[in-house]
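Residue numbers (our numbering): 61 to 283.
Set out below in structure tokens:
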């Protein structure tokens, strides 16, 4: 299981990374909110551990941006012992659990395993298929003919939007709204590039171009 830890305290971050790796987790540790957002946009993580009180961009801001960008990965927040307001705010913003500092590694690992079980239970109800392509909206995994395919976050979101459209044609403008935040600069050919990459990875006939309108996946969608 691949976990992202965002913690600015070097001693705590190193201890969490080392301890969780010993318990079988794949861990990537970053030290600020900017780096966390960069990682989350480049790679898919099964769980994210966020320190609420990071400088520059706080853990809460990272969490809010994740949910705005439709990243549904479970989030566990780390918070100070007297920060009940922070805990409530984080849970309302989309956090799934929390651990109070000082962190007990065994408790943290147990909570991460519990979040994993919860996500796996939901995953059974979150698989969409069309032809040979299957997409799991919880684990963010995609397969073709039961073989795993590695997609970028944007490619995954585009594929998910087309699958959930259940055969309807989606315009480029609609897809841009699904993939990008309001006000975010988008290259004029961004959607075309993502579609091209998806065809290379999934097969050239999976996504159909409807000239002058947009894109669709024609196969009957099952969920």
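Glycine included, each C-beta is placed from N, C-alpha and C at the ideal position.
Check	Outcome
Residue 88 - partner residues in DSSP beta bridges	64
Whole-angstrom distance between residue 83 and residue 113, CA atom to CA atom	26 Å
Residue 132 - DSSP class collapsed to helix/strand/coil	coil
The segment 136–156 in contact with the segment 225–235 per 3-pair CB rule at 8 Å	no
Paired residues, beta bridge with residue 149 - DSSP	According to DSSP, which records beta bridges pairwise, residue 149 is partnered with nothing at all.
Nearest residue (CA-CA) to residue 10, options 240, 88, 95 and 210	Since the displayed the chain opens at 61 and closes at 283, residue 10 lies outside it and no answer follows.
Start and end residues, beta strand (DSSP E) containing residue 195	193–196
Start and end residues, alpha helix (DSSP H) containing residue 118	It is not in any alpha helix (DSSP H) - residue 118 carries neither H nor E in the DSSP assignment.
Cα-Cα separation between residue 176 and residue 97, rounded to whole angstroms	21 Å
Rounded separation between residue 220 and residue 195 - CA only	7 Å
Run of the beta strand (DSSP E) containing residue 252, from where it starts to where it stops	Run containing residue 252: none in the beta strand (DSSP E); it sits in the alpha helix (DSSP H), 250–262.
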